[in-house]
Amino acid sequence: MNVKIEPAILSYAADGRLYSPAFDDVYFQPEDGVAESSYVFLQHNNLEERFKGLRAGDVFRIAECGFGSGLNFLLTLDLWRRTASKGARLYYLSFEKHPVQKTDMKEIHAYWPDYAAVSQELLTQYPAAVKGFHRLDFGSAQLQLCLGDITEMLPQIKTQIDAWYLDGFAPAKNPAMWREELFRHMARLSVQGSTVSTFTAAGTVKRGLQAAGFHVEKTRGYGKKRDMLTGTYQRDIPKTQTTGSAIVIGAGIAGASCAYALAARGMPVTVLEKAGEAGNAASGNPVGVVYPRLTAAVSAAGDFYTHAFCHTTRILARLENEKLWRNSSVLMLDGGDAAAAKRYTGMVKSTALPEEMLRPVDRKQATEIAGIPLASGGLYYPDAGLVAPREFCTSLLEAFPAQVTLRSGAAAEKIMRQDGVWHVLDAAGEILAEAEHLVLATGPSLTGFSETDFLPLRYVGGQISYLPENAASRKLKAVITQDGYFPPAVEGVHYTGATFEKLRAKAETHPVTEKGHRKNLTMLGGFLPAAFFDGVTPEDLQGRAGIRTSVPDHLPVVGKCPVAAQWLEDYAGLSYGQLTEKQIDLDKAEVHDGLYLCGAFGSHGMTSAPLAGEMIAAQICGDPLPVSEKVAAAIHPGRFILRALKRNQS
Ligand SMILES: Cc1cc2nc3c(=O)[nH]c(=O)nc-3n(C[C@H](O)[C@H](O)[C@H](O)COP(=O)(O)OP(=O)(O)OC[C@H]3O[C@@H](n4cnc5c(N)ncnc54)[C@H](O)[C@@H]3O)c2cc1C
Ligand SMILES: C[S@@+](CC[C@H](N)C(=O)[O-])C[C@H]1O[C@@H](n2cnc3c(N)ncnc32)[C@H](O)[C@@H]1O
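If you want this note's numbering, it's the 1-based position in the sequence shown plus 231.
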C-alpha cells in the first residue's frame with residue numbers, strides 16, 4: 232500500500248476551465264464556479280432553509296467527494312455563517328484523492344474575491360499532502376479533510392450525514408469512484424431526510440442511489456447542462472443528537488486536549504484537577520519537543536504519530552500565542568550509526584509525511600541547519616519545534632471560556648454511574664461533579680479506579696537539566712535529538728534531557744538528583760560540542776523531574792473504557808482458538824457507557840495528546856473519528872484484554 236499521496240496536477244483547458252489531466256475532466260470555469268456550485272450543491276440540498284431551522288446544540292453534517300479547490304466548502308461556510316442559528320454546529324467531511332497544493336489553491340481562490348476572508352482562514356490551516364484525516368476549525372464549523380481515495384476512506388467513517396455533495400468528476404471519466412459501494416456506504420451513513428445532489432444525471436448514478444434507498448429526481452442542470460440529480464433518503468433511520476455535558480479528570484496535556492476538543496463542539500466541560508493549577512505534573516516542564524515518533528516500517532503507530540504531529544502543530548499555530556510555540560525545527564541525528572541510518576530511511580519511506588515535512592540530511596546539511604558543528608547527519612523535521620507545556624495546557628483550557636470550567640484542588644477519589652449520569656466523588660464522599668460523559672486523563676493515576684485497574688500501566692521517571700546558554704550554544708538554531716534532546720535556549724536556558732528510569736511501582740513524583748544531571752550531561756556530551764558544557768558542574772544545576780506513563784506497546788490508551796470482566800467472558804474463545812481478533816467488532820463490545828480513557832503518552836504527550844483528545848470528543852459527539860480504523864483499534868483501551876486472552880491460548 233502506498234502511504235504517500237499524489238497531489239493534484241492542474242492545468243487550464245483551452246476554454247479557460249480548470250482541468251485535471253489525471254481524470255481528463257474539468258473542475259469548473261473559475262469565473263462561473265461560484266454560481267454553479269451554489270446552484271448544484273447549496274440550493275439543491277436546500278441548505279439555507281435547513282441551516283435556519285437548526286436549534287442551539289444541533290449538528291448538521293455534510294459529506295463531499297471531492298474537496299478539489301475547496302470552493303464548495305467556502306460557499307457552505309459563508310452560507311452557514313450568514314444563516315445558521317446560534318449554538319448550532321456544522322461538520323463538513325470531504326474526501327480528496329489528489330489534494331490541490333496550497334500554492335495552487337491560493338491562485339484559484341483569487342478568482343473569488345468575495346470569499347477572500349474564508350479563503351484565508353482555510354489556507355492558513357490547509358494541510359500539506361499527507362494521506363489520512365485532518366481536522367480544521369472554523370468556529371462553529373469544523374472541516375475534516377480525508378486525503379485519500381473515498382473508496383478506502385468512506386468505509387471507515389461512522390457518523391450520520393445530513394447532506395451529500397457528489398462532485399467527483401464525471402462518472403464516465405471516473406468510474407472507479409461511482410460504484411455501488413459508494414451508494415451503499417452513503418445509505419449506511421444517512422438518516423431519514425438526508426439529501427444528495429450532484430451535477431451529473433448519469434443513469435448509473437440515478438439507479439445506484441435509488442437502489443441504496445434514495446428517492447431520486449432529475450432536475451434542470453446549471454447553465455448549459457440539461458439535467459442534474461437530487462435525492463432524499465427514504466428509510467426510517469432517525470437522527471441522533473448528543474446532549475449533555477462532560478467531566479474531564481486531570482488537567483495535564485491529555486485532559487486539556489480533551490476539554491478543548493469537546494468545548495470546540497459546544498459541550499460544557501468541567502475539568503477536575505487535584506493540584507492547584509493545570510499542567511503541573513509531567514505536563515509541567517518548561518519546554519517540550521514536538522515531533523513525530525515514526526516507525527521503520529508501515530504501522531498503526533507510525534500513522535498515529537504522523538497525524539498527531541500534523542494535528543498538534545495546526546492547533547499550536549491556531550492558538551497564536553508567541554510564548555507557546557517555537558517552530559525551531561528538529562534534527563534527529565543518526566550518530567554515524569549504520570543501523571540508525573537504515574531505520575531512518577525506513578521511517579521516511581513508511582510515513583505519509585512528504586519531503587517538505589521530513590527529509591534525510593547529511594552531516595554538512597545538518598550542520599548548516601543547526602548553525603553548530605555536528606558529527607553526523609540524520610532526519611530533518613522543518614515543521615517541528617518547542618512547546619511550553621504548561622502554557623499549552625492553560626491555552627487549551629482557556630480557549631473556550633464559556634464552555635470550560637477548571638476546578639483546581641479537586642481530587643477525584645471515586646466515580647460511579649447512576650441513571651445515565653456519572654458522579655465524581657472526593658475522599659469525603661462529596662460529589663465534585665456530575666455529567667453524562669466522563670473522561671479519565673489522570674496520567675499515572677489512570678488505573679486509580681475500579682473500572683480501569685486492568686490497564687498494564689508502566690511508570691518511567693525522567694529528569695531534565697537546565698543548562699545555561701553560552702557563546703557556543705547560542706548559535707544553535709534547531710532542536711538536536713539523538714539519545715536525548717537539546718533545544719535552543721529559551722530566555723538564556725537550554726531545558727535539556729532526559730533520563731529514563733523504570734520504576735517498579737506506581738509513583739506520582741520523581742526527585743531531581745545530581746545523578747540525573749550527570750546522566751544527562753554524559754548522554755548529551757555524546758553528540759554535542761564540548762564547548763556547550765564549559766564550566767557546567769552537575770552539582771550546581773537545576774532541573775525538573777516527572778513520571779511518564781506508558782504501556783508495553785508504547786502507544787497511548789485512548790477511547791471507550793471496556794467492561795474488563797465482560798470482555799474476558801465474551802472473548803474467552805480467543806484462548807481456545809475458537810475466535811480470532813478480526814471477528815470481534817469493537818463497536819459492539821461491552822463498555823462502561825459514557826466513560827473514556829486518555830493516557831499512557833510516554834515521552835510524547837505534547838505531540839500526541841491533542842489528537843487523542845480530538846478522537847474522544849468525536850466519539851462523544853458522534854462525529855467521524857479523526858484517525859483510521861487501524862489506529863483506533865491500535866490505541867483502544869481494550870487491546871490488552873484481548874492480548875492477554877490470546878497469550879493464554881491452550
Ligand atoms: C522528563 C520528561 C521530559 C519529557 N519531555 C517531553 C517532550 O519533550 N515532548 C513530549 O511530547 N513529551 C515529553 N514528556 C512526556 C510528557 O510530558 C507526557 O507524555 C505528558 O505530560 C503526559 O500528560 P498527561 O496529561 O497524560 O499526564 P500528567 O501531565 O501527569 O497529567 C495528569 C494530571 O491529572 C491530575 N490527576 C491525577 N489524578 C487525579 C485525580 N484523582 N483527581 C484530579 N486530578 C488528578 C494530576 O494532578 C495531573 O495534573 C516528558 C516527560 C518527562 C517526565
Ligand atoms: C470536480 S472536482 C471537485 C471540485 C470541488 N468540490 C471544489 O469545490 O473545488 C472533483 C474532485 O474529486 C476528486 N476525486 C476523484 N476521484 C476521487 C476518489 N476516488 N476519492 C476521492 N477524491 C476523488 C478529484 O481529485 C477532484 O479533486
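Yeah, the Cβ is synthetic: ideal placement off N, Cα and C, and Gly gets one too.
Since the structure is predicted, the reported quantities are computational estimates derived from the model, not experimental observations.
* To do: Mark S242 as exposed unless 16 or more other C-beta atoms lie within 10 angstroms of its C-beta, in which case mark it buried.
  => Looking up residue 242 in the sequence shown gives position 11. S242 comes out exposed.
* Ends of the beta strand (DSSP E) at H365? -> Locating residue 365 in the sequence shown gives position 134, counting from the first residue. That run of the beta strand (DSSP E) goes G363 to F369.
* Could you tell me whether the Cβ atoms of L817 and H867 are closer together than 9 Å? => Locating residue 817 in the sequence shown gives position 586, counting from the first residue. Locating residue 867 in the sequence shown gives position 636, counting from the first residue. The answer is yes: Cβ separation under 9 Å.
* Segment contact flag, the segment 313-331 with the segment 370-389, C-beta cutoff 8 Å, min 3 pairs -> A contact exists between the segment 313-331 and the segment 370-389.
* Using a threshold of 8 Å, is the CB atom of A294 nearer than that to any non-hydrogen atom of ligand 2? -> As a position in the sequence shown, residue 294 is number 63, starting the count at 1. Result no, Cβ not under 8 Å from ligand 2.
* **Residue(s) in a DSSP beta bridge with P793** => Sequence index remark: in the sequence shown, residue 793 carries index 562 (1-based). Its beta-bridge partners are V822.
* Touch test, the segment 297-308 against the segment 393-412, Cβ-Cβ under 8 Å, three pairs minimum -> Counting Cβ pairs under 8 Å, three or more are found: they touch.
* **Close Cβ partners of H538 (< 7 Å) along its chain, the five nearest in sequence each way excluded** => By one-based count along the sequence shown, residue 538 stands at place 307. Contacts found: G363, F364, L842 and V858.
* Asked: Just to confirm, does L523 get its C-beta within under 8 Å of one of the non-hydrogen atoms of ligand 1?
  -> Here residue 523 refers to the residue found at position 292 of the sequence shown. The sequence given here has Pro at residue 523, not Leu. Incorrect: P523 has no Cβ contact closer than 8 Å to ligand 1.
* Identify, in the order they occur along the chain, each residue of the same chain with its Cβ nearer than 6 Å to the Cβ of K877, setting aside the five sequence neighbours on each side. => Locating residue 877 in the sequence shown gives position 646, where the first residue counts as 1. Excluding sequence neighbours, K877 sits near L805.
* **Collapsed DSSP secondary structure at I866 in the structure displayed** => To locate residue 866, count along the sequence shown from 1; it is residue 635. I866: coil per DSSP, three-state reduction.
* Asked: Can you tell which of G577, Y690 and E237 has its C-alpha closest to the C-alpha of T740?
  -> The sequence position of residue 740 within the sequence shown is 509, counting from 1. Nearest Cα to T740 within the set G577, Y690 and E237: Y690.
* Asked: Got a sec? Which residues, its chain only, sit under 6 Å from G747 by beta carbon, not counting five neighbours each side?
  -> In the sequence shown, residue 747 corresponds to position 516, counting from 1. These residues qualify, in order along the chain: Q694 and T730.
* Asked: Can you check whether the CB of I646 is closer than 9 Å to the CB of L826?
  -> Taking the first residue of the sequence shown as position 1, residue 826 is located at position 595. Taking the first residue of the sequence shown as position 1, residue 646 is located at position 415. It is a contact, given that the beta carbons lie within the stated cut-off.
* To do: Would you check if there are 3 or more beta carbon pairs closer than 8 Å linking the segment 469-476 to the segment 614-621?
  => Because the criterion of three Cβ pairs below 8 Å is not met, the segment 469-476 and the segment 614-621 do not touch.
* What are the boundary residues of the alpha helix (DSSP H) that I546 is part of? -> Residue mapping note: residue 546 aligns to position 315 of the sequence shown, counting from 1. Per DSSP, I546 is one residue of the alpha helix (DSSP H) stretching across A531 to L550.
* In this structure, what does DSSP give as the bridge partners for S421? -> Translated into the one-based positions of the sequence shown, residue 421 becomes position 190. DSSP lists I392 as partners of S421.
* Within the present structure, is the beta-carbon of T740 separated from the nearest heavy atom of ligand 1 by less than 8 Å? -> For this step, residue 740 is matched to residue 509 along the sequence shown. Not one heavy atom of ligand 1 falls within 8 Å of the beta-carbon of T740.
* Mind checking Q373: buried by the 16 CB within 10 Å criterion, or exposed? -> Residue numbering aside, residue 373 sits at position 142 when the sequence shown is read from its first letter. Around the beta carbon of Q373, 16 or more other beta carbons sit within 10 angstroms, so the residue counts as buried.
* Could you spell out the range, first to last residue, of the alpha helix (DSSP H) harbouring M837? => Sequence index remark: in the sequence shown, residue 837 carries index 606 (1-based). It spans G836 to C852 - the alpha helix (DSSP H) in which M837 sits, taken as one unbroken run.
* Asked: What distance in whole Å lies between the Cβ atoms of T461 and E448, which are believed to be in contact at a cut-off of 8 Å?
  -> Position 217 of the sequence shown, counted from the start, is the residue given in the question as residue 448. Position 230 of the sequence shown, counted from the start, is the residue given in the question as residue 461. With a contact defined as Cβ atoms closer than 8 Å, E448 and T461 qualify at about 5 Å.
* To do: Pull up the DSSP beta-bridge partners for Q375, would you.
  => In the sequence shown, counting from the first residue as 1, residue 375 sits at position 144. Paired residue(s): L324 and R366.
* Any heavy atom of ligand 2 closer than 8 Å to the CB of V331? -> If you number the sequence shown from 1, residue 331 lands on position 100. For V331, the shortest C-beta to heavy atom distance toward ligand 2 is below 8 Å.
* Residues bridged to R557 (per DSSP) -> Residue mapping note: residue 557 aligns to position 326 of the sequence shown, counting from 1. DSSP lists L617 as the beta-bridge partner residues of R557.
* Asked: Taking buried to mean at least 16 other C-beta atoms within 10 Å of its own C-beta, is I662 buried or exposed?
  -> Along the sequence shown, read from residue 1 onward, the residue named residue 662 stands at position 431. With fewer than 16 other Cβ atoms from the protein chains shown falling within 10 Å of its own Cβ, I662 counts as exposed.
* To do: Taking Q356 as part of the beta strand (DSSP E), name the residues at either end of that continuous run.
  => Start at 1 with the first residue of the sequence shown, and residue 356 comes out as number 125. Careful: Q356 lies outside any beta strand (DSSP E), inside the alpha helix (DSSP H) at A347 to Q356.
* Express the C-alpha separation of L698 and I339 in angstroms, rounding to a whole number. => Numbered from 1 along the sequence shown, position 108 holds the residue referred to as residue 339. Numbered from 1 along the sequence shown, position 467 holds the residue referred to as residue 698. Each residue's alpha carbon lies about 49 Å from the other.
* If you draw a straight line from the alpha carbon of M408 to that of P402, how long is it in whole angstroms? -> Here the question's residue 408 lines up with position 177 in the sequence shown. Here the question's residue 402 lines up with position 171 in the sequence shown. A straight-line Cα-Cα distance of about 8 Å links M408 and P402.
* Asked: Hey, how far is the Cα of A840 from the Cα of I847?
  -> In the sequence shown, the residue the question calls residue 840 occupies position 609. In the sequence shown, the residue the question calls residue 847 occupies position 616. Distance between the alpha carbons of A840 and I847 is about 11 Å.
* To do: Give the DSSP bridge partners of M647, in chain order.
  => For this step, residue 647 is matched to residue 416 along the sequence shown. M647 is bridged to H654.
* At what residues does the beta strand (DSSP E) containing H275 begin and finish? -> For this step, residue 275 is matched to residue 44 along the sequence shown. Counting along the chain, H275 falls outside any beta strand (DSSP E), and DSSP gives it neither H nor E.
* So R705 is in the alpha helix (DSSP H); what residue range does that whole segment cover? -> Numbered from 1 along the sequence shown, position 474 holds the residue referred to as residue 705. Counted as a single uninterrupted DSSP element, the stretch harbouring R705 is not any alpha helix (DSSP H), since DSSP gives it neither H nor E.
* To do: Leaving out five residues on either side along the sequence, give the residues of the same chain with a beta carbon under 6 Å from the beta carbon of R248.
  => Here residue 248 refers to the residue found at position 17 of the sequence shown. V257 and Q260.
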